[in-house]
Amino acid sequence: MKTNPSPLIKRLRMPLSAWALFLLAAMLFASCKETDNTDDEYADWENRNEQYFQNLYTSAQQRIAAGDTSWKIIKCYSLPDYNATFVPQATDNIVVHVVDSSKSTSGSPLYTDSVRVHYLGRLMPTTQHPQGYVFDKSYSGDFNPDTAIPSAFNVSAVVDGFSTALQHMKVGDRWEVYMPWQLGYSSTGSGSIPGYSTLMFDMQLTGYYHAGYSEANKAKAGIWIEE
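For the sequence shown, my numbering begins at 116 and goes up steadily by one.
Written out as structure tokens, the structure reads:
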């Protein structure tokens, strides 16, 4: 997200209303405070998230160096190319694990394009949520690509980490994408997402729309590219 992040458009859409999320957060907060033996799930959240992402980044570097092509480290689209005046940090990047790789030759979406995507978003694992708290998803129940309806939105309308991933995906790609809080909802957070949260998305690009014609990727004007 850019400034003043608000629920992934400039977020993907939350399934609960902002007011309902506020009430839910308040109830959970009160419950934790009233129960002496309940740990604060978000204690030292900034440091824990920074260490979690650093570990992911280091692990991905090691896997890539060992020849594992299913892992990628991709610089945020809005940052300059690496040069003498730009010293990259781990948090300038997203970490990607490729689950399914498409053979599509239609290229990748541009920042100005619209996309159709299946996705599920989680926070980092905690004691109460060992797989990571699910804060949003585009489908109900378990994911079934044959019946799930993808969510449609602009590449420019989502957080920087999500937008960066989309601009490197091909139609049919399914990725697990890990985004540092600097490329997500920053220190502010959004809805049920606390500030300083690493975001983890299981996402699949099913199509994208170019406003104009591009000979390079064979996309015709006015149609959705879905192969």
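Glycine included, C-beta positions come from ideal geometry on N, C-alpha and C.
With distances taken Cα to Cα, identify the nearest neighbour of residue i among the options.
i	options	result
His283	Ser253, Val210, Trp160 and Met239	Val210
Arg237	Glu291, Gly222 and Ala326	Glu291
Leu235	Tyr254, Pro224 and Asp228	Tyr254
Tyr300	Asn170, Asp155 and Val274	Val274
Thr242	Leu225, Glu156, Ile179 and Ile340	Glu156
Lys285	Trp186, Thr200 and Glu342	Glu342
Asp228	Ala175, Asn269, Ile340 and Gly306	Asn269
Val230	Gly287, Pro245 and Tyr197	Gly287
Gly276	Ile264, Ser307 and Tyr226	Tyr226
Leu281	Gly222, Asn198 and Ile264	Gly222
Ala158	Met239, Leu194 and Pro265	Met239
Pro260	His244, Arg289, Pro245 and Ala267	Arg289
Tyr324	Ala267, Ala180, Asp196 and Lys218	Ala267
Trp186	Asp196, Leu194, Tyr197 and Ser174	Ser174
Ile340	Ser307, Trp296, Gly306 and Ser219	Ser219
Ser217	Arg178, Gly322 and Ile338	Gly322
Asn170	Thr303, Ser305, Gly304 and Pro295	Pro295
Once DSSP output is grouped into helix, strand and coil, what is the label at residue i?
i	result
Phe137	Only weak support exists for where Phe137 lies, its pLDDT of 42 falling under 50; the coordinates are left without a value.
His233	strand
Asp251	strand
Mind reading off the beta-carbon distance from residue i to residue j? Whole number of angstroms is fine, and I expect it under 8 Å.
i	j	result
Tyr293	Met315	5 Å
Val232	Leu320	6 Å
Ile188	Tyr172	7 Å
Tyr192	Ser271	About 10 Å separates the two Cβ atoms, so there is no contact after all.
Pro309	Trp160	6 Å
3-residue-minimum beta strand (DSSP E) runs that sit fully inside the region 260-337, ordered along the chain | Fully enclosed beta strand (DSSP E) runs of 3 or longer: 266-269, 289-294 and 314-324.
Touching by the beta-carbon criterion (3+ pairs, under 8 Å), the region 243-251 and the region 198-210 | Segments in contact, no.
Could I get the ranges of all uninterrupted beta strand (DSSP E) runs contained in the region 141-224, with 3 residues as the minimum, in chain order?
-> Look at the region 141-224 and you find these whole runs of beta strand (DSSP E), each 3 residues long or longer: 186-190 and 208-215.
Is it true that the region 162-178 meets the region 299-315, where meeting means three or more beta-carbon pairs spaced less than 8 Å apart?
-> By the Cβ test, the region 162-178 is in contact with the region 299-315, since at least three Cβ pairs between them sit closer than 8 Å.
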